[in-house]
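Engineer: Let me give you the structure first, and then I'll get to my questions.
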Amino acid sequence: MCAMKVSDMVRIQVTPSGDRAYDVVLGEGALCELPALAAGRTRVMVIHPRALRATAAAVIAELRAGAGAGVETHAFEVPDGEEAKQLRVAGACWDALGRVGFTRDDLVVGLGGGTTTDLAGFAAAGWLRGVDVIQVPTTVLGMVDAAVGGKTGIDIEAGKNLVGAFHQPLAVLCDLSTLASLPAVEVRAGLAEVVKAGFIADPRILELLEADPTGSARLPELVERSIRVKAAVVSGDPREAGRREILNYGHTLAHAIEKVENFSWRHGAAVSVGMVFAAELSRLVAGLDRATADRHRELLRAIGLPVEYRGDRWPALLDAMRVDKKTRGRRLRFVVLEALGRPRGFDDPEPGLLLAAYGSVAAGGVSATGS
Ligand code: GLY
Numbered sequence: 000m001c002a003m004k005v006s007d008m009v010r011i012q013v014t015p016s017g018d019r020a021y022d023v024v025l026g027e028g029a030l031c032e033l034p035a036l037a038a039g040r041t042r043v044m045v046i047h048p049r050a051l052r053a054t055a056a057a058v059i060a061e062l063r064a065g066a067g068a069g070v071e072t073h074a075f076e077v078p079d080g081e082e083a084k085q086l087r088v089a090g091a092c093w094d095a096l097g098r099v100g101f102t103r104d105d106l107v108v109g110l111g112g113g114t115t116t117d118l119a120g121f122a123a124a125g126w127l128r129g130v131d132v133i134q135v136p137t138t139v140l141g142m143v144d145a146a147v148g149g150k151t152g153i154d155i156e157a158g159k160n161l162v163g164a165f166h167q168p169l170a171v172l173c174d175l176s177t178l179a180s181l182p183a184v185e186v187r188a189g190l191a192e193v194v195k196a197g198f199i200a201d202p203r204i205l206e207l208l209e210a211d212p213t214g215s216a217r218l219p220e221l222v223e224r225s226i227r228v229k230a231a232v233v234s235g236d237p238r239e240a241g242r243r244e245i246l247n248y249g250h251t252l253a254h255a256i257e258k259v260e261n262f263s264w265r266h267g268a269a270v271s272v273g274m275v276f277a278a279e280l281s282r283l284v285a286g287l288d289r290a291t292a293d294r295h296r297e298l299l300r301a302i303g304l305p306v307e308y309r310g311d312r313w314p315a316l317l318d319a320m321r322v323d324k325k326t327r328g329r330r331l332r333f334v335v336l337e338a339l340g341r342p343r344g345f346d347d348p349e350p351g352l353l354l355a356a357y358g359s360v361a362a363g364g365v366s367a368t369g370s
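By numbering that gives the first Met the number 0, the letter at position 262 of the sequence shown is numbered 261, and the numbering carries on one by one without gaps.
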């Protein structure tokens, strides 16, 4: 696949304080940079979902051809989607690394959507207390969010992403040609994180999507702008000690919806509802103007993302939010906007205001008793 002409790549540097800098490489054919990055390793393990078996085989062939005869290549298949982010799957990855005698000098490659790169990163972070990982996201969501910034992890019964590690990749290769076969519903889910980047930091993203809510005509620019937002935030606060939390705009409620729905909702769909809620909360507690709050619902709806959730689920959602990572001690914490591009954290909104904000997304109105 790398015999074709490789277009010029966009390189976005992430410079996490206290950690080594790395590039996010973006463009058609970015994957072709993998063999050179793997050269000199003894073993490379490509972790990929079932659905990308053929792509993984092609990547392995390129590695064999381009990384030098001394590089031993392995593929390890994991379940598709959120099913991959289970402790038993991480355990299976470690068993596979053990079987081939993976050492500290070897390289893990995470090839797939956000669930695969989260899992592969976690497997790499845990193996021998940390081996190198190169992330190769193949979805919009993976490119603009999951694969960049070094957050890795798995889900457990108590909630999503509750067990994990900060483990920055050696590089992130975003090959836009892998998006060509992505189902429209997956593109839309990824656009939720793109919209988030727009509201918290880059309003030009919103204008581009308002002009074309499919995102198709300007997808490379939308992905690049979103990665630039993420790279800037992560560089300043790699371990989420402060500013990085703004990337969780819309996520407190989103994670709760995902949990209440047993992870059957796409992350982006839940983030979409979560942002409409967060916008209304921002209006109530942080002075966000109504037009900007309404802009969330209008744009997300135009994209085809959900902007409502069940009105009878509020008690269950509140319970789920209390174990979210953003919660501190007994306080519920949200990210709110003071204005377009001006996010900040907000602790413990009054219960009545929270309920009022939920009213803006509750289909059929809120029933506080739940079911
Ligand atoms: N997805 C939020 C973050 O990477 O911090």
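For glycine and all other residues, C-beta sits at the position ideal for the given N, C-alpha and C.
In this text, all values refer to a predicted model and were calculated from it rather than measured experimentally.
Kindly provide the ranges of any beta strand (DSSP E) runs that are 3 or more residues long and lie completely inside the segment 46 to 96, ordered along the chain.
Structural biologist: You should have 71 to 77.
Engineer: Any idea if Ser-370 is buried or exposed, counting beta-carbon neighbours within 10 angstroms, 16 or more meaning buried?
Structural biologist: Bear in mind that a pLDDT of 42 at Ser-370, under 50, signals an unreliable position, so the model cannot answer this.
Engineer: Between the alpha carbons of Val-365 and Gly-149, how many angstroms are there, rounded?
Structural biologist: If you take the alpha carbons of Val-365 and Gly-149, they lie about 37 angstroms apart.
Engineer: Considering only DSSP beta bridges, list what Arg-238 is partnered with.
Structural biologist: In DSSP, Arg-238 forms no bridge with anything.
Engineer: Do His-73 and Arg-42 have their beta-carbon atoms positioned less than 8 angstroms apart in this structure?
Structural biologist: A contact, by the Cβ cut-off of 8 angstroms.
Engineer: Just to confirm, are Asp-346 and Arg-321 a CB contact at a threshold of 8 angstroms?
Structural biologist: Cβ distance not < 8 angstroms, so Asp-346 and Arg-321 don't count as in contact.
Engineer: From the DSSP output, which residues share a beta bridge with Gly-111?
Structural biologist: DSSP output for Gly-111 lists Pro-136 as bridge partner(s).
Engineer: Phe-165 bridges to which residues according to DSSP?
Structural biologist: Partner(s): Lys-150.
Engineer: Comparing the CB of Glu-257 with every heavy atom of the ligand GLY, is any distance shorter than 7 angstroms?
Structural biologist: Not under cutoff, so the answer is no.
Engineer: In its own chain, which residues sit with a C-beta less than 6 angstroms from the C-beta of Ser-16, not counting the 5 before and 5 after it?
Structural biologist: Closer than 6 angstroms at Cβ, skipping near neighbours: no residue.
Engineer: For the alpha helix (DSSP H) that Leu-283 lies in, which residues bound it at each end?
Structural biologist: Its alpha helix (DSSP H) spans residues 266 to 284.
Engineer: What residues are listed by DSSP as bridge partners for Pro-342?
Structural biologist: Answer is Leu-336.
Engineer: If I'm right that Ile-11 touches Ala-216 with Cβ under 8 angstroms, what's the distance once you round it to whole angstroms?
Structural biologist: In fact, because the Cβ distance is near 21 angstroms, the residues do not count as touching under 8 angstroms.
Engineer: Report the option in Ile-199, Ala-191, Asp-18 and Met-8 whose CA atom is closest to the CA atom of Arg-343.
Structural biologist: With distances taken between Cα atoms, Arg-343 lies closest to Ile-199.
Engineer: Nearest by alpha-carbon distance to Val-272: which of Ala-188, Val-184 and Glu-220 is it?
Structural biologist: Comparing Cα-Cα distances from Val-272 to each of Ala-188, Val-184 and Glu-220, the minimum goes to Ala-188.
Engineer: What are the partner residues of Leu-106, as DSSP defines its beta bridges?
Structural biologist: Paired residues: Val-43 and Asp-131.
Engineer: So if DSSP puts Ile-11 in a beta bridge, which residue, or which two residues, is it bridged to?
Structural biologist: For Ile-11, which the question treats as bridged, DSSP gives the partners Val-23.
Engineer: Grab the span of the beta strand (DSSP E) containing Leu-172 for me, first residue to last.
Structural biologist: First-last of the beta strand (DSSP E) with Leu-172: 170 to 174.
Engineer: Looking only at DSSP bridge pairs, what is Gly-158 linked to?
Structural biologist: Answer is Ile-155.
Engineer: Out of curiosity, what's the CA-to-CA distance linking Ala-57 and Ala-29?
Structural biologist: Cα to Cα, the separation comes out at about 14 angstroms.
Engineer: Quick one: what's Tyr-308 bridged to in DSSP?
Structural biologist: According to DSSP, Tyr-308 bridges with Ala-361.
Engineer: Identify which residue in Leu-205, Leu-304, Arg-265 and Glu-71 has its Cα closest to the Cα of Arg-40.
Structural biologist: Closest by alpha carbon: Glu-71.
Engineer: With Asp-318 as the anchor, note down where its alpha helix (DSSP H) starts and where it stops.
Structural biologist: It spans 313 to 321 - the alpha helix (DSSP H) in which Asp-318 sits, taken as one unbroken run.
Engineer: What did DSSP end up calling Ser-370 once you bin it into helix, strand or coil?
Structural biologist: With a pLDDT of 42 at Ser-370, under the threshold of 50, the predicted position of this residue should be treated as unreliable, though the coordinate-derived value follows. In this structure, Ser-370 counts as coil in the three-state DSSP scheme.
Engineer: State whether the segment 165 to 181 contacts the segment 127 to 139, with contact taken as three or more CB pairs (one from each stretch) at a distance under 8 angstroms.
Structural biologist: Judged by Cβ distances under 8 angstroms, the segment 165 to 181 makes contact with the segment 127 to 139, as three or more pairs qualify.
Engineer: Could you check whether Ala-277 and Gly-249 sit closer than 8 angstroms to each other, using their CB atoms as the reference points?
Structural biologist: In contact: Gly-249 and Ala-277 (Cβ atoms closer than 8 angstroms).
Engineer: What is the rounded straight-line gap between the Cα of Arg-128 and the Cα of Asp-293?
Structural biologist: About 46 angstroms.
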